[in-house]
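Q: First the structure, which I've put down as structure tokens, then a few questions once you've had a look.
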Amino acid sequence: MKSAILNKENFSKKEIITLLNSTGELRRQLFEKAAADKAAHLGNKVYLRGLIELSNICSKNCYYCGIRKDNKNIERYNLTDQEVIEAADFAFKNNYGSIVIQSGEMQSANFTTRITDLITKIKKLSDNKLGITLSCGEQTRDVYAKWFDAGAHRYLLRIETSVRSLYEKLHPNNAEHSWERRIECLNSLKDIGYQTGTGVMIGLPYQSISDLAEDLLFMKKTDIDMCGMGPYIEHEDTPLYAHKSHLLPLNERFELSMKMIAILRIMMKDINMAATTALQAIDKLGREKIIKAGANIIMPNITPGMYRNNYALYQNKPCTDESADDCKNCIAARVKIAGAEIAYNEWGDSRHFSKKNNKKLAP
Ligand code: SAH
Ligand code: SF4
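Per our numbering, numbering through the sequence shown is continuous, rising by one, with the last residue being 354.
Structure follows, in structure tokens:
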């Protein structure tokens, strides 16, 4: 018999906690319902976003991240404009539909102009056909607006955790690392008209199941258009590594991530949800499992191979020694295994966003 909870459209915090703790039959029904909701609202398609890791230079010092400013054990890089354009051209020629430009956080007039110019050039080389998502951290409203006007139309900024007291444990206590500022940024992005994505890390030290339930309620309340969430993976050159005795085993962090994605799919049926690479770092079939559980976006890495090792947010990052071509073939095979189909040459915009704004879906 189907569980009474799963017949509901909206979950209370208590019900979310029950689902996050579920085992056996309830767990099975959770994944079955998430898959059915995804099929009914989004169909079978998986959209691609070619991921360009622009630079690992970062002005911030988040305690969990391997490319934080104070980590002296990595070589810093900054792709040349030419390398970024070539990667975007690869995505265009291989029919990816969209790219994501992600970077360590830099707030400067030079960086703003550089991104604006890159967006303009990429739009031009693809005859406006390549969709552009940015993930370049916290910026002023003016900067976000400039990039939007240049042609970027989606932005990913994870809240990392919706629980402020936990956020404060994971970041230095200063104005540069403020939870409120992150919320303000998310509000600006929405206001400007971006399809706005956020997300959290799952299985952080000191994070409870109740905190994770809060995260899902936060995403629903904020009415996000896209979500990218995945397991926290420790990195030995970061301050948070000292707290690793408080971590759940990796397979449990993976299991919780699957449940978070499945529950959010039931709560927000038409948002875009990414199968993040961190999931694949734990389980080789991670991304396939997550597509089955409710994700509909994959981000194949198209950063030039020689730099990928240095964009180590966490350890054992998968696919750092492959070329963009290897990545393409591997993803196509993986999506097929998951019983889904890659939609080439489509932007795959968030249906949630399009409905809310009464806009037609772009190409
Ligand atoms: N600097 C930008 C974008 C790059 S970081 C920003 O911070 O928004 C992208 C994401 O990597 C972060 O949002 C964080 O959630 C994730 N990340 C960083 N360190 C991680 C770790 N150790 N394990 C898992 N994810 C991590
Ligand atoms: Fe920089 Fe982003 Fe890493 Fe924080 S999470 S240190 S802002 S790259």
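Using N, Cα and C, we set each Cβ at its ideal position, and we do this for glycine too. In this text the structure is predicted, and so the values were computed from the model without any measurement.
Closest by CA to Cys53, which one among Asn307, Met264, His162, Ile289?
A: One-based indexing of the sequence shown puts residue 53 at position 62. Considering only alpha carbons, the answer is His162.
Q: Met220: which of Tyr232, His237, Phe245 sits nearest, CA to CA?
A: Walking along the sequence shown from the start, residue 220 turns up at place 229. If we check each option's Cα against that of Met220, Phe245 comes out closest.
Q: Take the Cβ of Tyr146 as the centre, count every other Cβ of all protein chains shown within 10 Å, and call the residue buried at 16 or more, exposed below.
A: Along the sequence shown, one-based indexing puts residue 146 at 155. By the neighbour-count rule (16 or more Cβ atoms within 10 Å), Tyr146 is buried.
Q: Within 6 Å: the Cβ of Leu304 and any heavy atom of the ligand SAH?
A: Locating residue 304 in the sequence shown gives position 313, where the first residue counts as 1. The answer is yes for Leu304.
Q: Within the same chain, show all residues whose beta-carbon is closer than 6 Å to that of Ile8, passing over the 5 residues directly before and after it, in chain order.
A: Here the question's residue 8 lines up with position 17 in the sequence shown. Closer than 6 Å at the Cβ level, and outside the excluded window around Ile8, lie Ile200, Ala204.
Q: Whole angstroms are fine: how far does the CA of His226 sit from the CA of Pro354?
A: Within the sequence shown, residue 354 is the residue found at index 363, counting from 1. Within the sequence shown, residue 226 is the residue found at index 235, counting from 1. Note that Pro354 has pLDDT 45, beneath the 50 cutoff, so the model's placement of it is unreliable and no number is given.
Q: Quick one: using the 10 Å Cβ neighbour count with 16 as the cut-off for buried, is Gln73 buried or exposed?
A: Counting from 1 along the sequence shown, the entry for residue 73 is found at position 82. Classification of Gln73: exposed, given that the 10 Å Cβ count is below 16.
Q: How about Cys49: is its Cβ closer than 6 Å to a heavy atom in the ligand SF4?
A: Position 58 of the sequence shown, counted from the start, is the residue given in the question as residue 49. True, at least one ligand heavy atom lies under 6 Å from that Cβ.
Q: Do you know offhand how far Lys120's Cα is from Ser89's?
A: On the sequence shown, residue 120 is found 129 positions in, with the first residue counted as 1. On the sequence shown, residue 89 is found 98 positions in, with the first residue counted as 1. Going from the Cα of Lys120 to the Cα of Ser89 covers about 8 Å.
Q: Identify every run of the beta strand (DSSP E) within the segment 81 to 111, keeping only runs that are complete inside it and at least 3 residues long; order them along the chain.
A: Qualifying beta strand (DSSP E) stretches, in chain order: 89 to 94.
Q: Flag this pair as yes or no: are the beta carbons of Ala136 and Ile183 separated by less than 7 Å?
A: Translated into positions along the sequence shown, residue 136 becomes position 145. Translated into positions along the sequence shown, residue 183 becomes position 192. Cβ atoms of Ala136 and Ile183: closer than 7 Å.
Q: Examine the ligand SF4 and report whether any of its heavy atoms sits within less than 6 Å of the Cβ of Cys310.
A: Taking the sequence shown and counting its residues from 1, one reaches residue 310 at position 319. The answer is no for Cys310.
Q: Is Gln93 near the ligand SAH - that is, is its Cβ less than 6 Å away from at least one heavy atom of it?
A: If you number the sequence shown from 1, residue 93 lands on position 102. Flag set: Cβ of Gln93 near the ligand SAH.
Q: Does DSSP put Pro222 in a helix, a strand or coil?
A: As a first step, residue 222 is located in the sequence shown; it is residue number 231 there, counting from the start. In this structure, Pro222 counts as strand in the three-state DSSP scheme.
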